[in-house]
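J.: The sequence shown: position 56 = 806 (the working numbering), numbered continuously.
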Amino acid sequence: MKRGEFSEKAIKVIRSIENEFELFKYKTLSTTRQEIFDRCNEIRFYCCIWEYFEYAEDISQEHINACIKCGDNVIATLYQLYMDIEYLRYERWENIIELLEVLVRDQEQYGVSEKTV
Numbered sequence: 751m752k753r754g755e756f757s758e759k760a761i762k763v764i765r766s767i768e769n770e771f772e773l774f775k776y777k778t779l780s781t782t783r784q785e786i787f788d789r790c791n792e793i794r795f796y797c798c799i800w801e802y803f804e805y806a807e808d809i810s811q812e813h814i815n816a817c818i819k820c821g822d823n824v825i826a827t828l829y830q831l832y833m834d835i836e837y838l839r840y841e842r843w844e845n846i847i848e849l850l851e852v853l854v855r856d857q858e859q860y861g862v863s864e865k866t867v
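#1: In terms of residues, what are the limits of the alpha helix (DSSP H) holding C798?
#2: Have a look at K762, I825, L831 and R839 and flag the residue whose alpha-carbon is nearest the alpha-carbon of L773.
#3: Are the beta-carbon atoms of A806 and W843 separated by less than 8 Å?
#4: Whole-angstrom Cβ separation of Y840 and I846, contact assumed at under 8 Å?
#5: Using DSSP with H/G/I as helix, E/B as strand and the rest coil, what is S810?
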């Protein structure tokens, strides 16, 4: 996480994502080489999302709030959204922002309430 002014919620989200990413890495590296190879897209997705939250300095409060509603599974929730909606991408930060916008829209549409992280 870059140094700067972050809200308490932003820090919670970033730490939650760091923990989720580390657990994902540990579980992935515990599998066979073939399973790792088969999951290369998912691995790359997790890396890109982690990198965005680790280094982006201007994450909107709306996106932070949406991530808090995901609990401890922010990346997994975003990955499922990515898999469900064909046009979404994740390779660039602009794509991740669009992915987060879709998350916000879906939460508003389906009325997801805030969870504690």
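Heads up, the beta-carbon is just placed ideally off N, CA and C, and yes, glycines get one too.
T.: So, from the listed chains and residues:
#1: C790 to Y805
#2: I825
#3: Taking 8 Å as the cut-off, the Cβ atoms of A806 and W843 count as close.
#4: With 8 Å as the limit, Y840 and I846 qualify as a contact, their Cβ atoms being about 6 Å apart.
#5: coil
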